[in-house]
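There are 2 protein chains.
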Amino acid sequence: MAKVHPMTTPAAGAAAAGRARSGGRAGRRAARAAEAPPRAPFIHRRIATFDVLSAEGLEQIEAHADEILKETGMEFRGDPEILDIFREARADVQGERVRFEPGMCRTLITATAPSEIVQHARNPDNSVTLGGANTVLAPGWGPPFIHNLDEGRRYATYDDFCRLIRIHQMIPDYHHSGGVVVEPVDLPANKRHLDMLYAHLRWSDRALFGALIGEQRAQDSVNMAKIVFGDGFVGDNCCLYAVSNTNAPLVMDQNMSGSLKVYARNNQVVAVTPWTLTGAMSPCTAAGTLAQVLAEALAGLALVQLINPRAPCMMGTFASTMSMQSGAPTFGTPESGLIVLAAGQLARRLGVPFHTVGSLSASKLPDGQAMAEGMFGLTMAVLAGANFINHAGGWLEGGLVHGFEKSILDADSCGKLRVFCEGLDLSSEAFAMDAIREVGPGAHYLGSAHTQRHFATAMYRAPSADNNSYEQWLAEGGLDAAQRANRTWKTLLAEYEDPGLDPTIDEALKDYIARRKAEEPDRNYY
Amino acid sequence: MAKVHPMTTPAAGAAAAGRARSGGRAGRRAARAAEAPPRAPFIHRRIATFDVLSAEGLEQIEAHADEILKETGMEFRGDPEILDIFREARADVQGERVRFEPGMCRTLITATAPSEIVQHARNPDNSVTLGGANTVLAPGWGPPFIHNLDEGRRYATYDDFCRLIRIHQMIPDYHHSGGVVVEPVDLPANKRHLDMLYAHLRWSDRALFGALIGEQRAQDSVNMAKIVFGDGFVGDNCCLYAVSNTNAPLVMDQNMSGSLKVYARNNQVVAVTPWTLTGAMSPCTAAGTLAQVLAEALAGLALVQLINPRAPCMMGTFASTMSMQSGAPTFGTPESGLIVLAAGQLARRLGVPFHTVGSLSASKLPDGQAMAEGMFGLTMAVLAGANFINHAGGWLEGGLVHGFEKSILDADSCGKLRVFCEGLDLSSEAFAMDAIREVGPGAHYLGSAHTQRHFATAMYRAPSADNNSYEQWLAEGGLDAAQRANRTWKTLLAEYEDPGLDPTIDEALKDYIARRKAEEPDRNYY
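Read top to bottom, the protein sequences are chains A and B. First residue of the first sequence? That's 0 in numbering that gives the first Met the number 0, and the numbers climb one at a time after it. First residue of the second sequence? That's 0 in numbering that gives the first Met the number 0, and the numbers climb one at a time after it.
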């Protein structure tokens with residue numbers, strides 16, 4: 000009997016299990032292809048966004064953002080070229096401080112920024128559309144540590160990096176390969192971006208991030224994308240996703256403006272994303288945080304459009320909260336939910352796609368805290384109408400740890416929200432009046448013709464969830480969710496399907512990396 | 000130093016910890032009273048509901064419900080009095096089958112059913128208002144088993160029942176004492192409702208459920224409420240909450256109609272709640288399930304109003320899903336989320352308060368699955384605008400198990416949603432423009448005057464969450480969420496504050512129970 004793929008929903012799996020025998024990996028792949036529901040490369044929302052603010056409330060936030068940009072302004076540090084660009088656009092530039100007349104940034108953005116962007120993947124089936132009713136989910140970003148049940152918590156390596164890319168590539172409910180899924184601390188800090196880009200381009204065929212920090216790394220990313228996608232294609236088409244974080248409050252440094260310039264000039268998408276720890280890097284109130292976030296985003300997005308009108312860009316927000324008593328960052332909180340919902344509304348009024356963050360948690364383990372926080376945060380991001388959700392899976396310990404099991408469990412939440420976003424089918428077939436007539440009072444629907452027509456695809460069931468009886472669960476080892484997820488990621492790794500890469504391109508990438516690595520000595524700092 | 004109460008949010012706790020020494024339990028109570036945020040006996044929503052259907056979609060469901068009631072109708076089994084009531088109202092009664100002309104039930108309901116209901120608690124501070132923008136959260140109902148980390152899973156006893164009531168009474172984010180928090184299987188099945196009612200009335204001073212199954216048990220509940228609240232008060236005022244589950248599809252049996260009659264005649268609130276296992280007890284599609292649920296609710300609510308016009312009643316829904324492959328019930332699913340959101344809209348159009356269910360899970364343990372499923376379900380119920388959410392905490396194993404640790408962890412989710420429902424404060428103080436001016440680019444807000452004014456109350460932090468550093472967490476034992484929750488419920492039990500009960504009333508309750516128990520032999524079936 001064909002083995003059920005661990006990240007295929009049981010609906011498809013059970014159907015596959017009923018098929019004729021087909022041996023080995025090829026057989027399993029064929030069974031999956033034949034039985035799995037049509038796989039979309041991203042979520043297309045058929046339900047409304049959840050709006051927490053009235054138009055009047057949004058106008059208040061916009062007015063306060065304008066006030067901040069005029070009164071306090073924003074500093075662009077260490078990058079005289081940026082200051083010249085703003086000076087030329089008639090912003091008020093004094094030293095590194097740039098102030099804007101009310102409405103100036105918004106006018107610049109709405110005049111030329113596109114509302115929808117296609118980011119190409121090297122497998123065209125995996126290209127994603129950013130904007131409108133679409134939501135793209137990417138795995139976690141940035142942790143220097145990994146956690147799994149076998150090894151506990153330890154520093155991450157390049158081997159972990161490649162394993163996570165392979166695992167994620169096998170999970171249909173992640174749509175994007177991401178970027179720094181972990182920091183491979185065994186590689187020199189000044190060169191590891193080359194290895195990371197290579198791993199995404201080699202082991203995944205999904206869309207990916209460019210390197211975020213510094214002009215040179217961004218240029219390396221563009222150069223490597225050109226090797227894979229072709230010189231002419233990159234430049235006219237978006238093949239790299241980049242986030243430009245402001246250093247809240249109200250600063251952008253040359254590392255961020257440096258990469259922003261490269262991506263904007265090459266028509267690669269930049270999500271200008273103020274990252275705030277509410278209470279430390281922004282006021283300890285949601286309204287003040289939203290005004291500051293919008294001010295920073297407006298300045299950054301105006302900069303993109305000044306550098307290259309019509310360059311693709313997105314408004315981002317990453318508003319974490321903190322415990323005002325201990326200073327510890329907190330995640331999946333009600334305030335962060337309210338902020339992301341309001342920020343989504345602000346982005347829609349600005350007419351640019353919206354970027355935010357997903358399944359965050361401060362928990363050290365893939366436990367109840369981790370999943371309650373992650374589920375709430377991801378749900379809020381989806382209800383906010385986010386077009387790109389970074390960190391949709393894997394985050395533990397406030398982003399210090401990428402959890403292998405957490406990544407599997409969060410993928411369940413991603414799948415759940417995919418089905419949720421399909422909304423309610425109100426077709427005549429969905430109303431099932433034939434079944435209700437047929438069954439009548441007090442009988443059951445299991446054998447009805449309507450149920451027979453739909454049982455194979457009806458009802459989402461999360462791949463990692465155990466819904467069996469206690470007795471069956473116990474007989475199967477009595478495992479908790481994390482222990483089951485541990486088995487799942489190992490199976491995914493074992494069954495990893497290499498998307499392949501043209502050997503000429505592979506060689507060219509390796510040559511580029513070798514040349515670049517030879518240009519400077521290894522350093523363990525940026 | 001005053002010990003911090005384990006279910007006080009750290010905001011209040013830290014403030015309390017900084018106070019002068021005050022010894023013992025009285026001191027702790029005083030510290031809590033002084034420092035805790037003003038405690039509301041229920042959630043008052045300041046945010047919108049999340050509407051997934053247009054008016055047109057809702058009209059379609061209503062039209063299909065009417066079609067079901069006219070064509071197939073509903074059976075009222077074993078209760079000739081109910082059939083007479085319907086016959087008199089000019090419904091089409093044939094045998095036990097009752098059919099209704101389109102619009103008939105709706106007209107009966109909207110003519111007289113109140114839109115808002117006060118359920119009185121014996122402590123008036125804990126009375127709850129059902130309807131409008133209010134949400135009341137009650138603990139889990141019905142499990143024959145308990146689970147905790149010390150004892151694992153075993154049959155529940157009356158001692159568990161009383162312990163859970165005491166624990167819940169100490170948790171501010173549960174607003175209602177509930178009903179059958181577990182089935183005390185050590186007591187005779189035909190008499191245990193008396194002991195359960197006593198335990199709620201004695202150990203909690205919150206609002207409570209009456210017994211649901213059968214006319215006699217409902218009458219016992221009313222009689223015992225009269226002993227506590229006074230003969231005259233009950234009858235004119237709602238002091239008991241009752242759910243009347245239909246036996247989907249399209250049946251109400253005499254156990255349910257029997258208790259419904261007693262509560263309706265005594266002006267005690269009845270939430271008419273079709274319980275469906277979508278795919279078995281209703282069609283395997285959301286639209287068909289919604290049409291059937293609405294049909295059953297309309298018939299039941301019309302019955303309440305025919306028995307006693309203006310009697311308080313609520314539309315309920317408890318639509319679980321199931322795996323169509325294994326037949327296992329599933330919880331926290333996307334389909335159940337969509338159904339509850341739509342059902343909330345239908346209830347608002349009907350003009351009666353809305354009852355539903357919360358933190359459900361099929362997990363056997365208080366793990367990641369349990370909390371992801373519970374968090375999603377509870378969030379959807381709140382976004383649906385539910386006025387009463389049963390099973391807001393504790394459910395494991397599809398309702399077979401009340402988890403002590405799960406109850407604690409779910410209470411965190413309840414608190415999170417309470418703060419979420421407060422929405423965004425857009426006052427001038429919340430915009431914090433003074434702080435943004437004062438701090439300026441690149442500095443931090445920790446020491447700003449605005450932060451000083453607000454740090455004690457800003458930002459919700461879940462009591463059970465660990466947001467500390469890895470090192471601190473490890474030094475404190477490296478506990479997962481369930482292990483911390485295990486400590487919490489033990490502390491709550493140890494610090495349980497008896498609300499007291501007038502000895503005369505206590506004696507009268509005990510006399511009533513003794514008399515009733517003497518009237519029939521013990522039986523281990525209903």
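Even glycine gets a Cβ: it sits at the ideal position worked out from N, Cα and C.
Would residue i count as contacting chain A if we go by Cβ distances under 8 Å?
i, result
"Ala263 of chain B", "no"
"Asn485 of chain B", "no"
"Val356 of chain B", "no"
"Gln344 of chain B", "no"
"Asp172 of chain B", "no"
"Arg522 of chain B", "no"
"Asn246 of chain B", "yes"
"Thr552 of chain B", "Absent from the model: residue 552 of chain B. The displayed extent of chain B is 0 to 525, so no value can be given."
"Ile46 of chain B", "yes"
Please go through the same chain and pick out, in chain order, the residues whose beta-carbon is closer than 7 Å to the beta-carbon of residue i, but skip the five residues on each side of it.
i, result
"Lys69 of chain A", "Arg98, Phe99, Glu100 and Pro101"
"Val351 of chain B", "Ile108, Ala112, Ser114, Leu300, Cys312, Met313 and Met314"
"Met370 of chain A", "Leu408"
"Leu276 of chain A", "Ser319, Met321 and Pro328"
"Ile435 of chain A", "none"
"Phe330 of chain B", "Ser319, Leu359, Ser360, Ala361, Glu372, Gly376 and Gly397"
"Pro248 of chain A", "Met280, Ser281 and Gln291"
"Thr71 of chain B", "Leu249"
Kindly list, in the order they appear in chain B, the residues whose Cβ is closer than 8 Å to that of residue i.
i, result
"Asp465 of chain A", "Ala361, Ser362, Lys363 and Gln368"
"Gly278 of chain A", "Tyr444, Leu445, Thr450, Phe454, Ala457 and Met458"
"Ala600 of chain A", "Outside the shown range of chain A (0 to 525) lies residue 600 of chain A, about which nothing can therefore be said."
"Trp472 of chain A", "Lys363"
By the criterion of Cβ-Cβ separation under 9 Å, what are the contact partners of residue i in chain B?
i, result
"Leu93 of chain A", "Before going further, note that residue 93 of chain A is Gln rather than Leu in the sequence given. Near Gln93 of chain A there are no residues of chain B at all, since even the closest Cβ is about 12 Å away, more than 9 Å."
"Tyr469 of chain A", "Phe144, Arg152, Lys363, Glu396, Leu399 and Val400"
Less than 7 Å separating the Cβ of residue i from some heavy atom of the ligand SAM?
i, result
"Ile164 of chain B", "Although the ligand SAM was asked about, the structure shown includes no ligands whatsoever."
Quick one: what's got a C-beta closer than 6 Å to residue i's C-beta in the same chain, skipping five residues either side?
i, result
"Gln295 of chain A", "According to the sequence as given, residue 295 of chain A is Glu; it is not Gln. Only Thr245 and Pro273 meet the Cβ criterion."
"Ala88 of chain B", "Leu305"
"Met546 of chain B", "Coverage of chain B is limited to positions 0 through 525, which leaves residue 546 of chain B absent and any answer about it impossible."
Mind listing the chain A neighbours of residue i? Cutoff is C-beta to C-beta under 7 Å, in chain order.
i, result
"Ala132 of chain B", "The premise fails here: Ala132 of chain B is roughly 14 Å from chain A at the closest Cβ pair, so nothing lies under 7 Å."
"Arg460 of chain B", "Ser322 and Thr329"
Using a beta-carbon distance below 8 Å, is residue i in contact with chain B?
i, result
"Ala15 of chain A", "Residue confidence for Ala15 of chain A is low, a pLDDT of 35 falling below 50, so the modelled location carries little weight and cannot support an answer."
"Tyr511 of chain A", "no"
"Phe41 of chain A", "no"
"Val51 of chain A", "yes"
"Val438 of chain A", "yes"
"Arg152 of chain A", "yes"
"Met374 of chain A", "yes"
In chain B, which residues lie less than 7 Å from residue i when you measure between Cβ atoms?
i, result
"Ala336 of chain A", "The sequence shown places Gly at residue 336 of chain A, not Ala. By Cβ distance, chain B contributes Phe419."
Please list the partners that residue i has in chain A, where partner means a Cβ-to-Cβ separation under 9 Å.
i, result
"Ala290 of chain B", "Phe430, Ala431, Met432 and Ile435"
What does residue i reach in chain A if we use C-beta pairs closer than 8 Å?
i, result
"His63 of chain B", "Phe430 and Met432"
"Thr106 of chain B", "The contacting residues do not exist; Thr106 of chain B stays about 23 Å from chain A at best."
"Gly56 of chain B", "Leu423 and Leu425"
Please list, in chain order, all residues of the same chain as residue i whose beta carbon is under 8 Å from its beta carbon, the five residues on each side excluded.
i, result
"Ser426 of chain A", "none"
Select from the stretch 488 to 504 of chain B all residues with a C-beta closer than 9 Å to any C-beta belonging to chain A, and list them in chain order.
Listed by position, the residues of the stretch 488 to 504 of chain B near chain A (Cβ gap below 9 Å) amount to none.
Please list the segments of the beta strand (DSSP E) lying wholly inside the stretch 307 to 334 of chain A, counting only runs of 3 or more residues, in order along the chain.
Complete beta strand (DSSP E) runs here, min 3: 312 to 315 and 317 to 321.
Ignoring anything shorter than 4 residues, give me the alpha helix (DSSP H) runs that lie fully in the stretch 214 to 272 of chain B, in order along the chain.
Within the stretch 214 to 272 of chain B, the complete alpha helix (DSSP H) runs of at least 4 residues fall at 214 to 228, 232 to 235 and 253 to 264.
Interface positions of the stretch 248 to 262 of chain A facing chain B (Cβ-Cβ less than 7 Å), listed along the chain
If the cut-off is 7 Å between Cβ atoms, the stretch 248 to 262 of chain A has Pro248, Leu249 and Val250 near chain B.
Any C-beta of chain A within less than 8 Å: which residues of the stretch 116 to 142 of chain B qualify?
Listed in sequence order: no entries.
So if I threshold CB-CB distances at 9 Å, which residues from the stretch 403 to 416 of chain A count as touching chain B?
Answer in chain order: Glu404, Lys405, Leu408, Asp409, Asp411, Ser412, Gly414, Lys415 and Leu416.
Which runs of the beta strand (DSSP E) spanning at least 3 residues fall entirely within the stretch 395 to 423 of chain A, listed in chain order?
Within the stretch 395 to 423 of chain A, the complete beta strand (DSSP E) segments at least 3 residues long are 400 to 402, listed from N- to C-terminus.
For the stretch 467 to 493 of chain B, which segments carrying the alpha helix (DSSP H) assignment without a break, of at least 4 residues, lie completely within its bounds, in sequence order?
Given a length threshold of 4 residues, each whole run of the alpha helix (DSSP H) inside the stretch 467 to 493 of chain B is given here in chain order: 469 to 474 and 480 to 493.
Taking beta-carbon pairs under 9 Å, can you tell me which members of the stretch 63 to 80 of chain B lie near chain A?
Cβ proximity to chain A below 9 Å picks out His63, Glu66, Ile67, Glu70, Thr71, Gly72, Met73, Glu74 and Arg76 from the stretch 63 to 80 of chain B.
Tell me the start and end of each unbroken beta strand (DSSP E) in the stretch 61 to 106 of chain A that is at least 3 residues and wholly inside, in chain order.
Counting only runs of 3 or more, we get 73 to 76, 91 to 93 and 96 to 98.
Under 9 Å, CB to CB, which of the residues in the stretch 380 to 404 of chain A have a partner in chain B?
Residues Leu382, Glu396, Gly397, Leu399, Val400 and Glu404.
Secondary structure, beta strand (DSSP E): runs of 3+ residues fully inside the stretch 334 to 382 of chain A
For the stretch 334 to 382 of chain A, whole beta strand (DSSP E) runs of length 3 or above, ordered along the chain, are 353 to 356.
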